[in-house]
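Residue numbers (this note's numbering), protein chains in the order written: chain A, 1 to 216; chain L, 217 to 432.
Glycine is no exception: its CB is placed at the ideal position from the N, C-alpha and C atoms.
2 protein chains.
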Amino acid sequence: MSEFQPTERTQVKRLPKRGHYDSETVYGILDSAFVCHVGFCVEGQPYVIPTNYGRSGDTLYVHGSAASRMLRTLSGGVPVCVTVTHVDGLVLARSAFHHSVNYRSVVILGTARLVEEPAEKMEALRLFTEHVMKGRWDDVRLPTEQEMKATTVLAIPLEEVSAKVRTGGPVDDEADYSLPVWAGVLPLETVAKEPVPDAQRKNDRPLPDYLKNHTR
Amino acid sequence: MSEFQPTERTQVKRLPKRGHYDSETVYGILDSAFVCHVGFCVEGQPYVIPTNYGRSGDTLYVHGSAASRMLRTLSGGVPVCVTVTHVDGLVLARSAFHHSVNYRSVVILGTARLVEEPAEKMEALRLFTEHVMKGRWDDVRLPTEQEMKATTVLAIPLEEVSAKVRTGGPVDDEADYSLPVWAGVLPLETVAKEPVPDAQRKNDRPLPDYLKNHTR
Chain A
1 MSEFQPTERT QVKRLPKRGH YDSETVYGIL DSAFVCHVGF CVEGQPYVIP
51 TNYGRSGDTL YVHGSAASRM LRTLSGGVPV CVTVTHVDGL VLARSAFHHS
101 VNYRSVVILG TARLVEEPAE KMEALRLFTE HVMKGRWDDV RLPTEQEMKA
151 TTVLAIPLEE VSAKVRTGGP VDDEADYSLP VWAGVLPLET VAKEPVPDAQ
201 RKNDRPLPDY LKNHTR
Chain L
217 MSEFQPTERT QVKRLPKRGH YDSETVYGIL DSAFVCHVGF CVEGQPYVIP
267 TNYGRSGDTL YVHGSAASRM LRTLSGGVPV CVTVTHVDGL VLARSAFHHS
317 VNYRSVVILG TARLVEEPAE KMEALRLFTE HVMKGRWDDV RLPTEQEMKA
367 TTVLAIPLEE VSAKVRTGGP VDDEADYSLP VWAGVLPLET VAKEPVPDAQ
417 RKNDRPLPDY LKNHTR
């Protein structure tokens, strides 16, 4: 199992047992979500913007309008942080203090590279689509040259990366275990509901297999 | 209905109709989530960390261990960005380019204030607990003086705030509507599953009402 090398900046110090640096854990978290939060600084002010992403090996791709502040800023080769978080449950302890959340998160630090080579750019666009819905790329009209120009794609290397994971029930102070309080976990899950066909249907095909019983 | 004043930094420029500045929309998004992503800069490097929050009027509270880098950094009165995002659905268009996500997000820019006054600090801790599980505070052992000391609470004013919302179906190019492609929305929802009681039960009460049929 390959490992990312923890750095001074990515090592989980305060609760070290929650830190994970193996690629299996990192890839698993990245591949089962599709919205990340991208952080960047402009004149000392941090901005945190939710956006989609895709992954190929040890490269994470984000994209957006060439006109957006985020894409213009990051195209300049400034430091970036990308965070992906799953919330898996509420941890209800017997004391307020020990309440917690079960979660899996990945934090990526690095510098974005502007993807200019057309083949890599098209492949990144395929990854975005396939990442949210596997099988979708083969069904849809592919990007035109003009759409490609209007889209900025950035590549962020998965090098300085760590995952943080909390699982399991509450951990209470010894004396609190005898308190008459319900304690445990309320698991949370993101589920897909019934697909809603576009009202402006003309030649739309029937519901594709990848949308039947879709799970995230 | 009160409004936040959009600034040069918070005004939604590229897709202005997605921007919302009224407090009803902002509060609605903040009050129906419980994990935010906090952004801060250290020597030019942005960090984005998921954490819990609570809200009281136009103040957002975040908290954590007094030992954490995030809390230590933000206690110093540096600029911060707090982003809260709900992902409501995948928008599947007839072209790859027009694929999108239905979401509701709030971005807060500001500077954090360290909460030192004991009554405000205790009230913030109550808000964190009640924010994840309404009714919980009355059941649990309240924070001790030592626990209060180990916890840093920060207040971020809701002043420079904007919301961004996308709803509805795909918006395709006119010529693409006749393509034989299924198009529509796959709605996503976070649901609570069956509560899991702590294995180390002693005097635990039966499942409280606030955990029965809990919806988020």
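Partner residues on chain L for A:L207, Cβ-Cβ distance less than 7 Å: In the first sequence, the residue the question calls residue 207 of chain A occupies position 207. Ordered by position in chain L, the residues that pass the 7 Å Cβ test against A:L207 are W398.
Close beta carbons around A:F128, own chain, < 8 Å, minus the five adjacent residues each side: Mapped onto the first sequence, residue 128 of chain A falls at position 128. N52, Y53, G54, Y61, H63.
Host alpha helix (DSSP H) of A:K149 (start-end): What you label residue 149 of chain A is simply residue 149 of the first sequence in a count that begins at 1. Unbroken alpha helix (DSSP H) run through A:K149: 145-150.
Assumed close pair A:E3, A:Y21 - CB separation to whole angstroms, cut-off 8 Å: Residue 3 of chain A sits at position 3 when you count from the first residue of the first sequence. Residue 21 of chain A sits at position 21 when you count from the first residue of the first sequence. Correct: roughly 5 Å between the Cβ atoms.
L:G244 (DSSP reduced to helix, strand or coil): If you number the second sequence from 1, residue 244 of chain L lands on position 28. It is helical.
DSSP-derived helix/strand/coil call for L:L427: Against the second sequence, residue 427 of chain L aligns to sequence position 211. It is helical.
Alpha carbon of L:H430 to alpha carbon of A:M122, nearest angstrom: Residue mapping note: residue 430 of chain L aligns to position 214 of the second sequence, counting from 1. Residue mapping note: residue 122 of chain A aligns to position 122 of the first sequence, counting from 1. Approximately 43 Å between the Cα atoms of the pair.
Interface residues of chain A facing L:Y263 [CB-CB closer than 9 Å]: Against the second sequence, residue 263 of chain L aligns to sequence position 47. Simply R9, G39, P46, C81, T83, V107, L109.
8 Å CB neighbourhood of L:P386 in its chain, flanking five on each side removed: As a first step, residue 386 of chain L is located in the second sequence; it is residue number 170 there, counting from the start. Excluding residues within five positions, the ones whose Cβ falls inside 8 Å are V307, L308, A309, R310, H314, H315, S316, A399, G400, V401.
Proximity to L:R459 [Cα-Cα], best of L:R320, L:A283, L:L287: No information on residue 459 of chain L is available, as it lies outside the stretch 217 to 432 that chain L covers here.
Opening and closing residue of the alpha helix (DSSP H) in which L:F344 lies: Mapped onto the second sequence, residue 344 of chain L falls at position 128. Looking at the DSSP string, the run of the alpha helix (DSSP H) that includes L:F344 is 334-348.
Supposed contact pair A:V48 and L:T289 - C-beta distance, whole angstroms, cut 8 Å: Here residue 289 of chain L is taken as the residue at index 73 of the second sequence, counted from 1. Here residue 48 of chain A is taken as the residue at index 48 of the first sequence, counted from 1. L:T289 to A:V48, Cβ: 15 Å. No contact.
Within-8 Å CB hit, A:L30 to chain L: Here the question's residue 30 of chain A lines up with position 30 in the first sequence. It does not: the Cβ of A:L30 has no partner Cβ on chain L nearer than 8 Å.
Straight-line Cα distance separating L:V356 from L:K365: By 1-based counting over the second sequence, the position of residue 365 of chain L is 149. By 1-based counting over the second sequence, the position of residue 356 of chain L is 140. Each residue's Cα considered, the two are about 19 Å apart.
Nearest candidate by alpha-carbon position, reference A:E160, set A:L15, A:V38, A:A66, A:V107: Against the first sequence, residue 160 of chain A aligns to sequence position 160. For the residues A:L15, A:V38, A:A66, A:V107, the minimum Cα distance to A:E160 belongs to A:V107.
Euclidean distance between Cα positions of L:V251 and A:K193: For the purposes of this step, residue 251 of chain L is taken as the residue at position 35 of the second sequence. For the purposes of this step, residue 193 of chain A is taken as the residue at position 193 of the first sequence. So the two alpha carbons sit approximately 22 Å from each other.
8 Å Cβ cutoff, L:R310 in contact with chain A: Your numbering for residue 310 of chain L matches position 94 in the second sequence. At least one chain A Cβ lies under 8 Å of L:R310.
Cβ separation of A:Y210 and A:G135, assumed to be a contact under 8 Å, to the nearest whole Å: Sequence index remark: in the first sequence, residue 210 of chain A carries index 210 (1-based). Sequence index remark: in the first sequence, residue 135 of chain A carries index 135 (1-based). Contact flag correct, Cβ pair sits at about 4 Å.
A:A67, DSSP secondary structure in three states: Translated into the one-based positions of the first sequence, residue 67 of chain A becomes position 67. Of the three classes helix, strand and coil, the one that applies to A:A67 here is coil, per DSSP.
Simplified DSSP state of L:E410, which is helix, strand or coil: The sequence position of residue 410 of chain L within the second sequence is 194, counting from 1. Looking at L:E410 - three-state DSSP - the assignment turns out to be coil, as it is neither helix nor strand.
Near-chain A residues of the region 381-394 of chain L (beta-carbon distance less than 7 Å), N- to C-terminal order: G385, P386, D392, Y393, S394
Pick from L:D274, L:K233, L:R285 that is closest to A:E8, judged by C-alpha positions: Taking the first residue of the first sequence as 1, we reach residue 8 of chain A at position 8. Minimum Cα distance to A:E8 is reached at L:R285.
Contact under 8 Å by Cβ, L:P262 with A:P46: By 1-based counting over the second sequence, the position of residue 262 of chain L is 46. By 1-based counting over the first sequence, the position of residue 46 of chain A is 46. Against a cut-off of 8 Å, the Cβ pair of A:P46 and L:P262 comes out as a contact.
Cβ neighbour criterion (16 or more within 10 Å) applied to A:S178: The count along the first sequence starts at 1 and reaches residue 178 of chain A at position 178. By the 10 Å Cβ count, A:S178 comes out exposed.
Own chain residues within Cβ distance below 7 Å of A:T85, not counting five before or after: In the first sequence, counting from the first residue as 1, residue 85 of chain A sits at position 85. Cβ neighbours of A:T85 beyond the five flanking positions: Y103, S105.
For A:H20: DSSP bridge partner residues: Your numbering for residue 20 of chain A matches position 20 in the first sequence. Answer is A:A163, bridged to A:H20.
Chain L contact for A:D138 (CB, 8 Å cutoff): The residue labelled residue 138 of chain A in the question sits at position 138 within the first sequence. No, A:D138 does not count as interfacial toward chain L.
A:Y177, enclosing beta strand (DSSP E) - first and last residue: Within the first sequence, numbered from 1, the residue matching residue 177 of chain A stands at position 177. Careful: A:Y177 lies outside any beta strand (DSSP E) and carries neither H nor E.
Straight-line gap, L:E361 to A:R14 (C-alpha atoms, nearest Å): Counted from its first residue, the second sequence places residue 361 of chain L at position 145. Counted from its first residue, the first sequence places residue 14 of chain A at position 14. If I take the Cα positions, the gap works out to 21 Å.
Proximity to A:G89 [Cα-Cα], best of L:A335, L:V348, L:S281, L:N419: Position 89 of the first sequence, counted from the start, is the residue given in the question as residue 89 of chain A. Ranking L:A335, L:V348, L:S281, L:N419 by Cα distance to A:G89 puts L:V348 first.
Counterpart residues of L:V264 in DSSP-defined beta bridges: The count along the second sequence starts at 1 and reaches residue 264 of chain L at position 48. Paired residues: L:G255.
CB-CB length for A:K164 against A:G19, believed under 8 Å: One-based indexing of the first sequence puts residue 164 of chain A at position 164. One-based indexing of the first sequence puts residue 19 of chain A at position 19. Right, their Cβ atoms sit about 6 Å apart.
Straight-line Cα distance separating A:A119 from A:E147: Along the first sequence, read from residue 1 onward, the residue named residue 147 of chain A stands at position 147. Along the first sequence, read from residue 1 onward, the residue named residue 119 of chain A stands at position 119. Taking the straight line joining both Cα atoms gives about 14 Å.
Through-space distance from L:R382 to A:V181, alpha-carbon basis: Walking along the first sequence from the start, residue 181 of chain A turns up at place 181. Walking along the second sequence from the start, residue 382 of chain L turns up at place 166. If I take the Cα positions, the gap works out to 41 Å.
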